[in-house]
Amino acid sequence: MDGSVLMASLGSRPGALQTALAGAEPYTDAEVMLRVKAGDESAFDYLVQKYRRPLVSFMYRMARNSAVAEDLAQEVFLRVYRSRQTYEASAKFTTWLYRIATNLAVNHARDTRKERPEVTVSLDEPDEETGTTMDVRDASMTVEESMVRRERLAAIRGKVEALPERQRLAVIMHKYQQMDYKQIAEVLKLSESATKSLLFRAYESLREQLKEFI
Amino acid sequence: MKCEEIREMMPDLASGMAKVTPEIKGHLAGCGACSGKLEEFRKTMALLEEWQAPEPSPYFDVRLRARLREEVAKPQAGWMGWFRRPVLAAAMTVLMAIGVGMVFSNGDGIYRHGDNVVADNDVSSQAEPGTAVGDLSALDKNHDLYSDFELLDDLQVQQNVSANP
Ligand SMILES: [Zn+2]
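Going down the list, the sequences are from chains A and B.
As numbered in the numbering used here, the first sequence has no gaps in its residue numbers, which increase by one up to the final residue, 214.
As numbered in the numbering used here, the second sequence has no gaps in its residue numbers, which increase by one up to the final residue, 1165.
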């Protein structure tokens, strides 16, 4: 990663990390995190730049609202920052990061479920979160086509959301975060074979429930 | 190679994360059930692709920086944090010189401070320690997560202390 991009994007002071990144030595995220622990703020900026997008998308699919997703993703970074002193490089950085994220997302889902017992995907209400109503319909589409597409999208979201909690987490990490079995297993603290069967069941039930769209 | 082994790999095969080895290819060529299932999985995953997530807003970094600044400016939780602040430490010393009773009668100020810290930190205060990891059994033994709530534990202990001086 280019140090100048980093500095331009977050306006951070040039730090030891930029100097280090200019060299050929690749740093693992765990090593970068150890620099955060040592007080290098540019190292923290680097992690924010790297994981901001994946975390927002993870949170978006868990929370279904882009403002809440951003808030939760920021909370993940705040917790990373807060726990910098106790960070141990024993676990892979992304595993640690996604555990924090998973914990926050699950808590958020439970809290909001209590508030709104029936979370349903409505086709009538415009979708404030994705702006789906805006971008679902492109100029080449007829009204019917865009309606069909909207219905399909609502079904996808609704069915993923309706999966049991762990299946849902596993699918979101696998399908949308491109995480492999091993990583998902580590985040969810499951064995690899349990993760494989969890994912198989999840996709199998999505396939079954979404077959009219396939 | 058994059908069961292929099934295990199905999500990774369908997503392209696992390579189709000659051995797998051989099985798929001779097994309609597995090759059919793989095709359906591929279609399911392609359908899921339609659900796109938004990009982080342009204000993401600005907001995060503001929250971090708040975090850094926030007085340290716990009694020791107070004593490390020179002005407050001096004030406390004066109060103590006057008498321990005075400290308690001025306890209101300390109390209110404790509340503010919790209020500033609303997202984590929703996540009570203990219920934070809750009944998601997968995360039950997650020490890393618990360590994230150390600050919160600290605050709550502090609250209890000031609530019952
Ligand atoms: Zn087979």
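Think of the CB as a built atom: it goes at the ideal place given N, C-alpha and C, for glycine as much as any other residue.
In this text the structure is predicted, and so the values were computed from the model without any measurement.
Residue i in three-state terms, based on DSSP
| i | result |
| --- | --- |
| K1002(B) | coil |
| Q1126(B) | Legend: pLDDT at Q1126(B) = 40, less than 50; position of this residue unreliable, no value from coordinates given. |
| M141(A) | coil |
| L163(A) | coil |
| E208(A) | helix |
| T215(A) | This structure does not reach residue 215(A), given that chain A is present from 1 up to 214, and the question cannot be answered. |
| E1055(B) | coil |
| S191(A) | coil |
| K1019(B) | coil |
| Y87(A) | coil |
| A38(A) | coil |
| I100(A) | helix |
| I184(A) | helix |
| E1050(B) | coil |
| K92(A) | coil |
| S197(A) | helix |
| I156(A) | helix |
| R149(A) | helix |
Opening and closing residue of the alpha helix (DSSP H) in which residue i lies
| i | result |
| --- | --- |
| Q178(A) | First-last for Q178(A): undefined, no H or E at that position. |
| I1024(B) | P1022 to G1030 |
| D1061(B) | F1060 to A1073 |
| R61(A) | E41 to A63 |
| S66(A) | S66 to R82 |
Residue from the options whose Cα sits closest to the Cα of residue i
| i | options | result |
| --- | --- | --- |
| E186(A) | T102(A), R53(A), A139(A) and Q49(A) | T102(A) |
| E41(A) | R82(A), K92(A) and V143(A) | R82(A) |
| A69(A) | V1062(B), K1074(B), K1002(B) and E1055(B) | E1055(B) |
| M62(A) | R110(A), V80(A), V143(A) and D45(A) | R110(A) |
| C1034(B) | R1069(B), E1070(B), K1002(B) and E1071(B) | K1002(B) |
| A73(A) | Y87(A), Q183(A), A91(A) and H108(A) | H108(A) |
| D29(A) | Y203(A), K159(A), K92(A) and L104(A) | K92(A) |
| D1061(B) | F77(A), V148(A) and N65(A) | F77(A) |
| K1043(B) | I1024(B), G1016(B), A1066(B) and C1031(B) | G1016(B) |
| I156(A) | S66(A), Y27(A) and A202(A) | A202(A) |
| K182(A) | E192(A), M173(A) and K175(A) | E192(A) |
| R64(A) | A105(A), Y27(A), G39(A) and L199(A) | A105(A) |
| W96(A) | D71(A), S57(A) and Y51(A) | Y51(A) |
| R79(A) | S57(A), V48(A) and A67(A) | V48(A) |
| K189(A) | R152(A), V36(A) and R166(A) | R166(A) |
| A1018(B) | D180(A), E75(A), V148(A) and I172(A) | D180(A) |
| P1058(B) | M59(A), R53(A) and E212(A) | R53(A) |
| V36(A) | V56(A), T86(A), S146(A) and K175(A) | T86(A) |
| R207(A) | K196(A), L163(A) and M173(A) | L163(A) |
| Y60(A) | L210(A), Y176(A), L199(A) and E151(A) | Y176(A) |
| R84(A) | K211(A), Q178(A), M141(A) and E31(A) | E31(A) |
Test: residue i CB closer than 9 Å to a CB of chain C
| i | result |
| --- | --- |
| A162(A) | The question asks about chain C, but that chain is absent: this structure's protein chains are A and B. |
Check: Mind listing which residues of the segment 177-197 of chain A have their C-beta closer than 8 Å to chain B's C-betas, in chain order?
Finding: Q178, D180, Y181, L188, K189, L190, S193, K196 and S197
Checklist line | Positions along the segment 1047-1066 of chain B whose CB lies within less than 9 Å of some CB in chain A | finding: Listed by position, the residues of the segment 1047-1066 of chain B near chain A (Cβ gap below 9 Å) are L1047, L1048, E1049, E1050, W1051, Q1052, A1053, P1054, E1055, P1056, S1057, Y1059, F1060, D1061, R1063, L1064 and R1065.
Checklist line | Members of the segment 1031-1048 of chain B near chain A, C-beta cut-off 9 Å | finding: K1037, E1040, F1041, K1043, T1044, M1045, A1046, L1047 and L1048
Notebook entry, point to check: What residues from the segment 1007-1028 of chain B come within 8 Å of chain A, judged by C-beta to C-beta, listed N to C?
Noted result: Cβ contacts with chain A: R1007, E1008, M1009, M1010, P1011, D1012, A1014, S1015 and M1017.
Checklist line | Neighbourhood of ligand 1 [Cβ distance below 5 Å to any heavy atom], ordered by chain position | finding: Proximity to ligand 1 was defined by a C-beta distance below 5 Å to any of its heavy atoms, and the residues meeting it, in sequence along the chain, are C1003(B), C1031(B) and C1034(B).
Item checked: Against chain B: residues of the segment 41-53 of chain A by CB proximity under 8 Å -> V48, R52 and R53
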